[in-house]
Amino acid sequence: THSAAALAAEWDARVESWATVCAGLAFQRFRDVVVAEARPFARADAVDIGCGTGLLALALAPRVRHMWAVDVSPGMVEAVDLNAAAGGVSNLMAGWGDARALPLPDASVDIAVSCYTLHQLDEEGKREAFSEMRRVLRP
Numbered sequence: 037t038h039s040a041a042a043l044a045a046e047w048d049a050r051v052e053s054w055a056t057v058c059a060g061l062a063f064q065r066f067r068d069v070v071v072a073e074a075r076p077f078a079r080a081d082a083v084d085i086g087c088g089t090g091l092l093a094l095a096l097a098p099r100v101r102h103m104w105a106v107d108v109s110p111g112m113v114e115a116v117d118l119n120a121a122a123g124g125v126s127n128l129m130a131g132w133g134d135a136r137a138l139p140l141p142d143a144s145v146d147i148a149v150s151c152y153t154l155h156q157l158d159e160e161g162k163r164e165a166f167s168e169m170r171r172v173l174r175p
């Protein structure tokens with residue numbers, strides 16, 4: 037299994053390159069599909085698990101009440117926070133968190149999204165991450 041510390045170190049080193057990747061047309065199209073399929077609404081609370089530099093979180097934030105952006109990489113958390121501030125996004129709360137142990141209360145969000153997170157986890161980690169998503173989602 038990949039430890040949170042190992043994942044953090046790996047992704048901290050990729051902040052700049054990841055921002056460039058996410059600016060590409062394929063990732064922009066992916067973002068648009070995810071946002072549409074998430075069906076955001078004005079009173080929704082949402083979480084982006086493994087938010088990176090904010091590809092999904094920054095697109096969803098204007099369409100929901102509260103947007104949590106969680107990542108295991110402190111560098112990515114800092115990047116999404118800076119990107120939100122630069123874009124005038126005031127309802128995004130960025131913080132450190134592992135997909136396998138989300139720092140959110142039970143039944144606290146209506147929408148959970150993720151991009152490029154699950155493939156970093158082994159089978160047990162994937163089960164834990166999906167369990168966490170179920171735990172934080174409202175019925």
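Heads up, the sequence shown stops at 175 in the working numbering, and the numbers go up one at a time, no gaps. Where a beta carbon is used, it is the ideal one built from N, C-alpha and C, also for glycine. For clarity, every value in this text was computed on a predicted model and none was experimentally measured.
Applying the 10 Å Cβ sphere with the 16-neighbour rule, what's the burial state of residue i?
{"i": "residue 109", "result": "buried"}
{"i": "residue 124", "result": "exposed"}
{"i": "residue 107", "result": "buried"}
{"i": "residue 168", "result": "buried"}
{"i": "residue 75", "result": "exposed"}
{"i": "residue 134", "result": "buried"}
{"i": "residue 163", "result": "exposed"}
{"i": "residue 121", "result": "exposed"}
{"i": "residue 93", "result": "buried"}
Nearest CA to the CA of residue i: which residue from the options?
{"i": "residue 65", "options": "142, 130, 91", "result": "91"}
{"i": "residue 49", "options": "139, 112, 159, 162", "result": "112"}
{"i": "residue 86", "options": "159, 68, 160, 154", "result": "154"}
{"i": "residue 69", "options": "126, 138, 96, 139", "result": "96"}
{"i": "residue 84", "options": "160, 55, 51, 152", "result": "152"}
{"i": "residue 156", "options": "127, 136, 67", "result": "136"}
{"i": "residue 104", "options": "46, 52, 140", "result": "140"}
If you draw a straight line from the alpha carbon of residue i to that of residue j, how long is it in whole angstroms?
{"i": "residue 41", "j": "residue 130", "result": "18 Å"}
{"i": "residue 89", "j": "residue 142", "result": "25 Å"}
{"i": "residue 43", "j": "residue 56", "result": "19 Å"}
{"i": "residue 51", "j": "residue 132", "result": "15 Å"}
{"i": "residue 46", "j": "residue 138", "result": "20 Å"}
{"i": "residue 144", "j": "residue 53", "result": "32 Å"}
So if DSSP puts residue i in a beta bridge, which residue, or which two residues, is it bridged to?
{"i": "residue 116", "result": "Residue 116 pairs with nothing; no bridge assigned."}
{"i": "residue 148", "result": "83"}
{"i": "residue 104", "result": "83, 129"}
{"i": "residue 137", "result": "134"}
{"i": "residue 173", "result": "145"}
Cβ contact (3+ pairs, closer than 8 Å) linking the segment 54-67 and the segment 156-175: Touching, no, given that fewer than three Cβ pairs across the two stretches are closer than 8 Å.
Validate contact between the segment 147-158 and the segment 110-119 using beta carbons, cut 8 Å, 3 pairs: No contact exists between the segment 147-158 and the segment 110-119.
Cβ pair count under 8 Å reaching 3, the segment 67-83 against the segment 97-105: The segment 67-83 vs the segment 97-105: in contact.
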